[in-house]
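Per our numbering, the sequence shown starts with residue 2, numbered consecutively.
A short worksheet on the structure shown next.
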Amino acid sequence: MLNGLWLGFFIVAAVSALAQWLIGGNAEIFAAMVESIFAMAKLSVEVMVLLFGTLTLWLGFLRIAEKAGIVEWLAKVLGPLFLRLMPEVPAGHPALGLITLNFAANGLGLDNAATPIGLKAMKALQELNPSATIASNAQILFLVLNASSLTLLPVTIFMYRAQQGAPDPTLVFLPILLATSCSTIVGFLSVAFMQRLRIWDPVVLAYLVPGALILGGFMALLGTLSATALAGLSSILGNLTLFGLIMLFLIIGALRKVKVYEAFVEGAKEGFDVAKNLLPYLVAMLCAVGVLRASGALDFGLDGIRHLVEWAGWDTRFVDALPTAMVKPFSGSAARAMLIETMKTSGVDSFPALVAATIQGSTETTFYVLAVYFGAVGIQRARHAVGCALLAEFAGVVGAIAVCYWFFG
């Protein structure tokens, strides 16, 4: 699928360029496409420099949290909930700790770090699966929640915005939090409906109701603020949460007699290993997107959508962010490339770039997650996993657009 998507970018770009040359007489189009390839290759390296630092930094802090017992504590806290939602997983099973660690990495926005942890969790769940080829209920719930990717602290989005020169990289903190909450809630409820989960169980309600009340109250509070105040609050909470989490990990680690520096370096080495493998994918996708934009094909497609939106009487500013949404279900690297390209073309703090950043942080890559996670354990029948994951992704995109109009519109 990824191979076809990448090749398709170049084929569409070639057809568009030939049309502009033969019909429009624009002979300079090929020079622009070649120039775009080299420019995007250079941009890929610039992005990777900061990505190396970001992943190294946060995997270092995550290792401190792991050694300090924070992850184990979270597994115990969430244990009663998992027992109701995943009744086939025994209490204390290693899968629960791995699932918790995966959610923690996703919550920090470390999707690349979350993947290897998620694969371990999926393999642990497969040990309990009576079928070698059919996804179990527990695996489907884990996968859909992973695809919806509840992102509490999207540090990689902040990193991309910082790399593109955003004066306040954390400006999209609250919009992403609200959009990813939409995708996660829809994903969870759709799986609960399909699996007939007892969400009215007193234990489940004890976890979900307080969270829903806090989220509802928080949104009600946000509804009383102006757009300027919302943007300012998002910035303050983003930076405060970011630094507060770092201090929490360090203080608890020190109190638990963890050698925090050594633990940080150990996790940072893993972050370096994860990051260095991403450069070829980033170069490939950014160059393909650059060629697509330079050929005029991307603008032509967006103009068509824009005319339909205008015909419906809607505002069209979100249309330029749609490339990120359209490729997100298929490829995370392509979506990142689209996000970076939108920020570079429209401006890092432009409305389309803010919408694209929020969409990028609202969900994971559905088909990539399905292929990698289920493929790693030999699952061939996904059952209702695809429908539930795509529904969650759609909710995340719609939520991202709506929230950005609320905050920045």
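For each residue, glycine too, the CB sits at the ideal point set by N, CA and C.
The three-state secondary structure of residue 382, taken from DSSP, is strand. In the DSSP assignment, residue 312 falls within the unbroken alpha helix (DSSP H) covering 298-312. Between residue 233 and residue 240, the alpha-carbon positions lie close to 11 Å from each other. In this structure, DSSP gives residue 237 a helical state, which the three-state scheme calls helix. Our two residues, residue 405 and residue 162, have alpha carbons roughly 16 Å apart in a direct line. Nearest to residue 94 by alpha-carbon distance, out of 66, 127 and 24, is 127. Per DSSP, reduced to three states, the secondary structure at residue 71 is helical. Counting only residues of its own chain and dropping the five nearest sequence neighbours on each side, residue 84 has a CB closer than 7 Å to the CB of 92.
Residue 118 carries a helical assignment under DSSP once its states are collapsed to helix, strand and coil. In the three-state scheme derived from DSSP, where H, G and I count as helix and E and B as strand, residue 38 is classed as helix.
Measuring C-alpha to C-alpha distances from residue 250 to each of 340, 66 and 138 identifies 66 as the nearest. Annotated three-state conformation of residue 200 is coil, per DSSP.
Take the alpha-carbon of residue 76 and the one of residue 402: they are about 33 Å apart.
The beta carbon of residue 347 is closer than 7 Å to those of 321, 353 and 354 in its chain, skipping five residues each way along the sequence. Between residue 64 and residue 268 the beta-carbon gap is near 3 Å, inside 8 Å, which marks them as a contact. Approximately 27 Å separates the beta-carbon atoms of residue 132 and residue 185; this is outside 8 Å, ruling out the contact. For residue 291, the uninterrupted alpha helix (DSSP H) segment begins and ends at 280-295. The DSSP-derived three-state label of residue 24 is coil. Shown here for residue 386: same chain residues with a beta carbon closer than 7 Å to its own, the five before and five after excluded, namely 136, 141, 144, 145 and 371 in chain order.
In this structure, residue 298 and residue 14 form a Cβ contact; the two beta carbons are roughly 6 Å apart against a cut-off of 8 Å.
Between the region 209-220 and the region 389-396 there are fewer than three C-beta pairs closer than 8 Å, too few to call the two in contact.
If you check the CB distance, residue 176 and residue 375 do not come in under 9 Å. Secondary structure note for residue 156: its alpha helix (DSSP H) is the uninterrupted segment 156-164. In terms of Cβ geometry, residue 159 and residue 171 form a close pair [threshold 9 Å].
47 is the residue among 23, 39 and 47 whose C-alpha sits nearest the C-alpha of residue 280.
Here the alpha carbons of residue 291 and residue 18 stand approximately 13 Å from one another. Listed in chain order, the non-local C-beta contacts of residue 252 below 7 Å within the same chain number zero, local neighbours out to five positions each way being set aside.
For a cut-off of 8 Å, the C-beta gap from residue 152 to residue 400 is around 12 Å, too long to register as a contact.
In the DSSP secondary-structure assignment, residue 135 is bridged to 382. Counting only the Cα atoms, residue 35 lies some 43 Å from residue 187.
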